[in-house]
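Undergrad:
Number of protein chains: 2
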Amino acid sequence: MNDIQQISVILVDDHPVVMEGLRSLLEKNEMLDIVGAFTTGKATLNFLENHEVNVILLDISLPDRNGTALCSEIKEKYPRVCILAISNHDEHSIITEMLRNGASGYLLKNASSKELTEGIQQAIEGELVFSDEVKKILAKGSSSAKPLPKLTRREKEVLKWVAEGMTTTSIAEKLIISPLTVETHRRNLMQKLKVNNTAALIRVAAKHELI
Amino acid sequence: MNDIQQISVILVDDHPVVMEGLRSLLEKNEMLDIVGAFTTGKATLNFLENHEVNVILLDISLPDRNGTALCSEIKEKYPRVCILAISNHDEHSIITEMLRNGASGYLLKNASSKELTEGIQQAIEGELVFSDEVKKILAKGSSSAKPLPKLTRREKEVLKWVAEGMTTTSIAEKLIISPLTVETHRRNLMQKLKVNNTAALIRVAAKHELI
DNA sequence: TTTTTTCTACTGGTTTTCTGGTATTTTTTG
DNA sequence: CAAAAAATACCAGAAAACCAGTAGAAAAAA
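Chains as they are written, first to last, in this note's numbering: chain Y, 1 to 211; chain X, 212 to 422.
1. If the cut is a Cβ gap below 7 Å, which residues of chain X does N196(Y) touch?
2. Exposed or buried, what is E366(X) when buried is set at 16 or more other beta-carbons lying within 10 Å of its beta-carbon?
3. Between the alpha carbons of L159(Y) and A417(X), how many angstroms are there, rounded?
4. Closer than 8 Å between beta carbons: that is the criterion. Which residues of the region 313-328 of chain X meet it against chain Y?
5. Going along chain Y in order, which residues have a C-beta closer than 8 Å to the C-beta of P360(X)?
6. What is the DSSP secondary structure of A248(X), counted as helix, strand or coil?
7. Would you kindly check if the distance between the Cβ of V340(X) and the Cβ of S315(X) is under 8 Å?
8. Taking its Cβ as the centre, do 16 or more other Cβ atoms sit within 10 Å of S131(Y), making it buried, or is it exposed?
9. What are the residues in the region 226-239 of chain X lying within 8 Å of chain Y by C-beta distance?
10. Just checking, does the region 303-311 of chain X make contact with the region 41-59 of chain Y on the three C-beta pairs under 8 Å criterion?
11. L57(Y) and V12(Y) - do their beta-carbons sit closer together than 8 Å?
12. Verify whether the separation of the beta carbon atoms of I413(X) and R203(Y) is less than 8 Å.
13. Which residues in chain Y have a C-beta closer than 7 Å to the C-beta of R414(X)? List them in chain order.
14. Near E27(Y), which residues of its chain fall below 7 Å by C-beta distance, leaving aside the five closest residues on each side in sequence?
15. Taking three-plus beta-carbon pairs below 8 Å as touching, is the region 168-182 of chain Y in contact with the region 379-386 of chain X?
16. With DSSP run on the structure shown, which of helix, strand or coil describes E420(X)?
17. In chain order, what residues of the same chain have a beta carbon less than 6 Å from the beta carbon of E70(Y), not counting five sequence neighbours either side?
18. Could you give the DSSP three-state label for D90(Y): helix, strand or coil?
19. Check the DSSP bridge columns for I388(X) and list the partner residues they point to.
20. Taking the straight line between their C-alpha atoms, what separation do you get for L349(X) and A322(X)?
21. Provide the residue span of the beta strand (DSSP E) that contains I120(Y), from first to last.
22. When DSSP builds the beta bridges, which residues end up paired with S272(X)?
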């Protein structure tokens with residue numbers, strides 16, 4: 001069976017239907033050897049400890065951790081593996097975030113099977129691969145440049161409670177810090193996300209799935 | 212091939228991968244006969260004009276129209292067909308909306324293949340079917356009762372501009388009405404969505420995809 | 001054509017957020 | 001360990017949002 005050099009692939013996605021679809025599509029290609037399929041980041045990392053693979057098809061939204069973090073974690077430990085993100089998120093910022101974290105490409109889930117199999121080949125050859133949709137997004141987005149800013153742990157926490165409708169003072173009480181500190185965090189949040197009031201802050205945060 | 216009575220099924224989803232997954236999973240079951248697969252609402256309606264089917268597996272987010280509307284449209288014309296919603300949206304409100312529009316069940320895309328095939332059988336037998344996840348959501352939601360409230364045209368408009376970060380006065384100027392009126396709309400919005408400030412309003416609105 | 005809903009507008013007062021600064025103490029990281 | 005980043009905290013005034021009502025006109029539905 002190892003005719004030429006088969007490409008070993010693992011799938012990471014928590015949707016059985018998607019998983020089955022990927023497997024079914026990829027199995028048709030003799031070049032590809034699906035050696036594993038996992039639904040969590042943890043299971044994936046466990047597997048990688050004992051097995052070497054060429055390509056990982058990685059869904060961004062997993063139950064136990066977010067895909068971008070998992071991506072950089074994997075790339076740190078196993079720099080040679082190719083990670084192809086497969087996701088529903090069509091946000092420019094999320095795509096570039098993935099690439100910054102070492103992904104070799106980004107495909108939307110509405111990608112065609114051709115884009116998929118060809119993408120894997122290209123990724124192996126060192127190319128950056130994108131599905132057509134993604135290319136459009138990148139082309140559009142590059143003009144307005146929207147690098148998702150990094151929020152600190154505390155900022156994220158404050159943001160979460162703000163989104164819940166809590167006021168500055170009640171958040172301060174909850175976190176046992178001064179309201180003035182909470183204000184500062186809110187100010188920094190607005191600055192980072194380039195908005196000038198809470199409404200826009202929450203909207204942008206929601207768009208970037210920060211809350 | 213028509214051993215007993217095969218169930219004719221069509222798939223409606225704009226993600227090739229998901230489509231393939233569904234097909235692959237369902238083909239294993241002898242009872243099911245996949246007679247069509249479409250990526251748009253329009254193509255689906257066209258097909259239905261000339262063919263009778265038992266079950267439609269319908270994705271909620273389609274390129275050309277939203278699934279809930281398509282569902283009620285189909286049920287109006289072909290009341291006997293069973294529509295099973297397959298979606299990523301885990302919002303209580305969207306689920307019940309689908310059911311109100313005539314769907315025979317609601318499965319999340321992370322449903323297992325068993326849930327899928329069994330669901331189709333049950334739907335044919337007249338049962339309402341839900342994947343386990345959905346049951347949980349319905350159980351939780353029914354206690355706190357969250358029927359997505361209807362917003363008026365003006366309210367939606369105000370909401371949109373609020374989410375953009377505009378203040379009451381600037382919205383008033385834009386719509387050429389009194390700021391006091393805008394205030395009233397905002398108040399009604401908050402009341403309807405059961406929140407008590409703008410932050411929560413935008414969060415809930417985003418969650419329900421109102422903005 | 002009634003009835004209901006939506007859109008409009010007001011009074012008047014309270015609470016919260018926003019702005020534009022500055023600055024010390026922890027953590028984290030190179 | 002030194003430098004950078006993050007978390008903490010303060011002042012004070014302006015701007016905006018929020019609350020609790022009421023109510024007439026316009027539009028849509030019955």
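Beta carbons: idealized from backbone N, C-alpha and C, even for Gly.
TA: In terms of the structure at hand:
1. On the first sequence, position 196 is the one that residue 196(Y) refers to. At a beta-carbon threshold of 7 Å, the residues of chain X lying near N196(Y) are G376, ordered along the chain.
2. The residue labelled residue 366(X) in the question sits at position 155 within the second sequence. Residue environment for E366(X): buried (at least 16 other C-beta atoms within 10 angstroms of its C-beta).
3. Here residue 159(Y) refers to the residue found at position 159 of the first sequence. Here residue 417(X) refers to the residue found at position 206 of the second sequence. Taking the straight line joining both Cα atoms gives about 15 Å.
4. Taking a C-beta cut-off of 8 Å against chain Y, the contacting residues of the region 313-328 of chain X are K320, N321, A322, S323, S324, L327, listed in chain order.
5. As a position in the second sequence, residue 360(X) is number 149, starting the count at 1. Neighbours of P360(X) on chain Y: none; closest Cβ ~17 Å, over 8 Å.
6. Working through the second sequence from its first residue, we reach residue 248(X) at position 37. DSSP, reduced to helix, strand and coil, places A248(X) within a strand of the structure shown.
7. As a working note, residue 315(X) is residue 104 in the second sequence. As a working note, residue 340(X) is residue 129 in the second sequence. In this structure, S315(X) lies near V340(X), with their beta-carbon atoms less than 8 Å apart.
8. Within the first sequence, numbered from 1, the residue matching residue 131(Y) stands at position 131. Looking at its Cβ environment, which holds 16 or more other Cβ atoms inside 10 Å, S131(Y) is buried.
9. Answer in chain order: H226, P227, V228, V229, M230, E231, G232, L233, R234, S235, L236.
10. A contact between stretches requires three or more CB pairs, one per stretch, nearer than 8 Å, and the region 303-311 of chain X fails this requirement with the region 41-59 of chain Y.
11. Residue mapping note: residue 12(Y) aligns to position 12 of the first sequence, counting from 1. Residue mapping note: residue 57(Y) aligns to position 57 of the first sequence, counting from 1. Pairing V12(Y) with L57(Y) gives a Cβ-Cβ distance under 8 Å.
12. The residue given as residue 413(X) occupies position 202 in the second sequence. The residue given as residue 203(Y) occupies position 203 in the first sequence. Yes; because the gap between Cβ atoms is below 8 Å, this pair is in contact.
13. For this step, residue 414(X) is matched to residue 203 along the second sequence. Correct list: A163, I202, A206, I211.
14. To locate residue 27(Y), count along the first sequence from 1; it is residue 27. Excluding positions up to five away in sequence, the list reads I34.
15. Between the region 168-182 of chain Y and the region 379-386 of chain X there are fewer than three C-beta pairs closer than 8 Å, too few to call the two in contact.
16. Mapped onto the second sequence, residue 420(X) falls at position 209. Coil.
17. Indexing the first sequence from 1 puts residue 70(Y) at position 70. It is Leu, not Glu, that sits at residue 70(Y) in the sequence shown. Within the same chain, L70(Y) has close Cβ partners G41.
18. The residue given as residue 90(Y) occupies position 90 in the first sequence. Look at D90(Y) here: in three-state DSSP terms it is coil, with no helix or strand label.
19. Taking the second sequence and counting its residues from 1, one reaches residue 388(X) at position 177. In the DSSP output, where bridge partners are listed per residue, I388(X) has none listed.
20. One-based indexing of the second sequence puts residue 349(X) at position 138. One-based indexing of the second sequence puts residue 322(X) at position 111. Roughly 15 Å between the two C-alpha positions.
21. Here residue 120(Y) refers to the residue found at position 120 of the first sequence. First-last for I120(Y): 113-124, but that is the alpha helix (DSSP H), not the beta strand (DSSP E).
22. Here residue 272(X) refers to the residue found at position 61 of the second sequence. Per DSSP, the beta-bridge partners of S272(X) are N277(X).
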